[in-house]
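Asker:
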Amino acid sequence: MLRRGALLLVMLAGWTGGPDAARAQHYYVYVAAESEDEVALVRFDGTTAEVVKTIAVGTWPTEIEGPHGLAVDPSGDYWYLSIAHGLPFGKVVKYETGTDEKVGEVEVGLFPASMAVSPTTGLLYVVNFNLHGKMEPSSVSVVDPATMTEVARTTTGVMPHGSRLSPDGLKHYSVAMMSGVLYELDALTFEVTRELDMGTGKPVIEGMMMAPADSAHAGMAMKHDAAQAPKPTWVDPHPTKPFVYVANNGSDEVVEVNLEQWAITRRFKTAGAPYNLEVSPDGRYLLASLKKGGATGVFDLERGEEVVRITNSRKVTHGIAITPDNRYAFISVEGIGGEPGSVDVIDIGTMERVATVDVGKQASGIAFWKIERP
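Going by our numbering, the first residue of the sequence shown is number 29, and it counts up by one from there.
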C-alpha cells in the first residue's frame with residue numbers, strides 16, 4: 029500500500045506529466061506599443077511566450093498618443109501607463125491588474141516617460157521628458173496614486189529619463205539626457221539633494237542646471253565635447269549595495285556611481301548605445317539594452333565586465349524587466365518601420381534567448397507583474 033506522500037506524487041505525475049511540470053511557473057509582463065496605442069499582457073510558461081491580452085489605450089481614436097512608460101505598484105494590484113501626447117500635456121493612467129480596467133488618470137508634464145512607485149511613500153514618480161519646443165530644463169512629477177492627483181513637480185534637467193527608486197524607497201534617481209546629469213531627489217520632500225555630471229564624474233555646482241537652455245549656463249552638457257557627450261538615458265540602483273548604474277547612451281558606456289562617495293567608481297564600455305538598464309534582484313548581473321546594436325549586454329558586476337552579448341529578435345532594443353527569482357529577463361524590442369515590436373525572453377542561467385513573441389509596433393516600456401503557479 030502506498031504511503032500518503034507517495035500517492036500524492038503519483039497523482040501529480042498522472043495529472044501534470046511529472047513533478048517538474050507541477051513546479052512550472054508562469055511569468056507575466058506588461059509591454060507598451062508606442063505606435064499602436066496599446067499594451068500587451070505577455071505570459072511565459074518556461075518554454076513559450078504568448079500575448080494573452082491586448083489592451084487598447086489612449087483617448088483619440090484618430091491619433092497615435094504614444095504610450096511609453098509602464099510601472100506596476102508594489103502590491104501588484106494596479107499598473108500605470110504614461111501617455112506622451114495630450115492637449116497640451118501628457119498624462120499617467122491607472123489600470124487594475126487582472127481586469128485591466130481603467131481606474132483613473134492625471135495630467136502631468138510634457139511627454140511623460142519612465143516612472144516608478146515607492147514602496148515606502150506609496151507615491152508615483154514620473155519624468156517629463158519634454159521633446160517639444162526649446163531645450164530647457166524639465167521635471168519629475170510626483171503623483172498620489174490613490175487619488176490620481178499631482179502633488180509636486182520638481183525641476184531637474186533637459187530631457188529627464190530613467191525614473192527609479194532606492195531599495196528603501198526614500199531616494200529617487202533620474203538622469204537628464206541633454207544635461208548629462210544624474211539627479212537624486214528626496215522622495216519625502218521632493219527636493220533635489222545632489223547632482224552629478226556623468227561625463228566628468230564631478231558634482232554639479234548648485235544652480236547651474238536651473239538656467240534657461242539658451243543662456244551661458246545652459247547645463248553641464250555644454251562643457252562636453254559633442255562627440256563624447258554622455259547623454260544618459262537610464263539609472264538603476266543596486267538592490268543591496270550603495271551604487272547606482274547609469275547608461276551613458278552618447279558615450280557608449282555604463283557607469284557605476286558610489287552613493288557614499290557621490291562619484292563615478294567604474295566605467296564599463298558597451299557597444300551600440302546603452303539605453304535601459306536593470307540590475308538582477310540578487311545583485312549579480314546588470315543587463316543593458318543596446319539600442320543601436322539590436323542586442324542585450326550582460327555584465328557581471330563582481331568581475332566588472334561584459335560576459336555575453338545576446339542578439340535580439342529585431343533591431344532597436346528598448347526595455348528590460350527581470351523576474352524577482354533572477355531566472356529570466358524580458359526585453360522589449362521596437363522593430364523598424366512597419367515591423368511589429370517583440371518581447372524576447374532571456375534565460376539568465378544559460379545566457380540565451382529562449383523565446384520571442386510579437387507585440388504592437390515600437391514596443392517600449394515593459395514592467396513585470398507576477399509569477400503564477402498554474
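Built from N, CA and C at the ideal position, the CB exists for glycine as well.
Under the DSSP definition of a beta bridge, which residues are partnered with Val57?
Answerer: In the sequence shown, counting from the first residue as 1, residue 57 sits at position 29. According to DSSP, which records beta bridges pairwise, Val57 is partnered with Val70, Phe396.
Asker: How big is the Cα-Cα spacing for Pro352 and Val335?
Answerer: As a position in the sequence shown, residue 352 is number 324, starting the count at 1. As a position in the sequence shown, residue 335 is number 307, starting the count at 1. One C-alpha to the other measures close to 21 Å.
Asker: Compare the beta carbon distance of Pro165 and Val145 with 7 Å and say whether it is the shorter of the two.
Answerer: What you label residue 165 is simply residue 137 of the sequence shown in a count that begins at 1. What you label residue 145 is simply residue 117 of the sequence shown in a count that begins at 1. Not closer than 7 Å, so no.
Asker: Gly369 and Gly388 - do their beta-carbons sit closer together than 7 Å?
Answerer: Residue numbering aside, residue 388 sits at position 360 when the sequence shown is read from its first letter. Residue numbering aside, residue 369 sits at position 341 when the sequence shown is read from its first letter. Yes, the Cβ-Cβ distance between Gly388 and Gly369 is below 7 Å.
Asker: When you compare only the Cα positions, how much space is there between Leu318 and Val67?
Answerer: Position 290 of the sequence shown, counted from the first residue, corresponds to residue 318. Position 39 of the sequence shown, counted from the first residue, corresponds to residue 67. Straight-line Cα distance between these residues: approximately 23 Å.
Asker: Output yes or no for whether 7 Å exceeds the beta carbon distance between Glu288 and Pro270.
Answerer: In the sequence shown, residue 288 corresponds to position 260, counting from 1. In the sequence shown, residue 270 corresponds to position 242, counting from 1. For Glu288 and Pro270, yes; Cβs fall inside 7 Å.
Asker: Do the CB positions of Val203 and Trp397 come within less than 7 Å of each other?
Answerer: Stepping through the sequence shown from its first residue, residue 203 is reached at position 175. Stepping through the sequence shown from its first residue, residue 397 is reached at position 369. Not in contact: Val203 and Trp397 (Cβ atoms no closer than 7 Å).
Asker: Give me the Cα-Cα distance between Asp214 and Asp196, rounded to the nearest whole angstrom.
Answerer: Reading the sequence shown from its first residue, position 186 is the one you call residue 214. Reading the sequence shown from its first residue, position 168 is the one you call residue 196. When rounded, the distance between both Cα atoms is 12 Å.
Asker: Work out the CA separation of Ile399 and Pro309 for me, nearest whole Å.
Answerer: Here residue 309 refers to the residue found at position 281 when the sequence shown is read from its first residue. Here residue 399 refers to the residue found at position 371 when the sequence shown is read from its first residue. The straight-line gap from Cα to Cα measures roughly 15 Å.
Asker: Let me check understanding here. Comparing Cα to Cα, which of Gly126, Pro140, Thr127 lies closest to Met98?
Answerer: In the sequence shown, residue 98 corresponds to position 70, counting from 1. Note on residue identity: the sequence assigns Leu, not Met, to residue 98. Among Gly126, Pro140, Thr127, the Cα nearest to that of Leu98 is on Pro140.
Asker: Answer with buried or exposed for Lys11, where buried requires no fewer than 16 other C-beta atoms within 10 angstroms of its C-beta.
Answerer: Not covered by the structure: residue 11. The range shown for the chain is 29 to 402.
Asker: In chain order, which continuous runs of the beta strand (DSSP E) of length 3 or greater are located wholly inside the segment 82 to 137?
Answerer: 95 to 100, 106 to 111, 119 to 124, 130 to 135
Asker: Which same chain residues, not among the five before or five after Val134, have their C-beta less than 7 Å away from its C-beta?
Answerer: For the purposes of this step, residue 134 is identified with residue 106 of the sequence shown, where counting begins at 1. Taken in chain order, the residues that qualify are Lys119, Val120, Val171, Met176, Thr177, Glu178.
Asker: Under the rule that 16 or more other beta-carbon atoms within 10 Å means buried, what is Leu69, buried or exposed?
Answerer: On the sequence shown, position 41 is the one that residue 69 refers to. Classification for Leu69: buried.
Asker: Considering just the uninterrupted stretch of the beta strand (DSSP E) at Trp290, what are its terminal residues?
Answerer: Looking up residue 290 in the sequence shown gives position 262. Looking at the DSSP string, Trp290 is not in any beta strand (DSSP E), and its letter there is neither H nor E.
Asker: Assuming Lys384 is part of the beta strand (DSSP E), what are its boundary residues?
Answerer: Position 356 of the sequence shown holds residue 384. Per the sequence shown, the amino acid found at residue 384 is Thr instead of Lys. Per DSSP, Thr384 belongs to the beta strand (DSSP E) from 380 to 387.
Asker: Per DSSP, Pro188 is paired with what?
Answerer: Residue 188 sits at position 160 when you count from the first residue of the sequence shown. Bridge partners of Pro188: Ala204.
Asker: Considering only C-alpha positions, which residue in the set Thr148, Ser207, Thr149, Met143 is nearest to Asn156?
Answerer: Reading the sequence shown from its first residue, position 128 is the one you call residue 156. Out of Thr148, Ser207, Thr149, Met143, Met143 has the C-alpha closest to the C-alpha of Asn156.
Asker: CA-CA distance, Ser279 and Pro102?
Answerer: Within the sequence shown, the letter at position 251 stands for residue 279. Within the sequence shown, the letter at position 74 stands for residue 102. Ser279 and Pro102: Cα-Cα distance of roughly 34 Å.
Asker: Could you tell me if Ala49 is buried or exposed, where buried requires 16 or more neighbouring beta carbons within 10 angstroms of its beta carbon?
Answerer: Here residue 49 is taken as the residue at index 21 of the sequence shown, counted from 1. Here Ala49 scores only 46 on pLDDT, less than 50, and its place in the model is too uncertain to base an answer on.
Asker: Who does Phe271 pair with in a DSSP beta bridge?
Answerer: On the sequence shown, residue 271 is found 243 positions in, with the first residue counted as 1. Per DSSP, the beta bridge partners of Phe271 are Asn286.
Asker: Alpha carbon to alpha carbon, how far is Gly132 from Tyr201?
Answerer: Taking the sequence shown and counting its residues from 1, one reaches residue 132 at position 104. Taking the sequence shown and counting its residues from 1, one reaches residue 201 at position 173. Roughly 26 Å separates the two Cα atoms.
Asker: On a Cα-Cα basis, can you pick out the residue from Val344, Ile338, Val307, Lys297 that is closest to Asp264?
Answerer: Counting from 1 along the sequence shown, the entry for residue 264 is found at position 236. Minimum Cα distance to Asp264 is reached at Val307.
Asker: Do Arg342 and Val361 have their C-beta atoms closer together than 7 Å?
Answerer: The residue you call residue 342 lines up with position 314 of the sequence shown. The residue you call residue 361 lines up with position 333 of the sequence shown. The answer is yes: Cβ separation under 7 Å.
Asker: Going by DSSP, what residue range makes up the beta strand (DSSP E) through Ser370?
Answerer: Taking the first residue of the sequence shown as position 1, residue 370 is located at position 342. Start and end: 369 to 375.
Asker: Take Pro173 and list the residues in its own chain whose beta-carbon comes closer than 8 Å to its own, dropping the five residues that flank it on each side.
Answerer: The residue labelled residue 173 in the question sits at position 145 within the sequence shown. Contacts found: Asp101, Tyr106, Tyr108, Lys122, Val145, Gly150, Leu151, Leu152.
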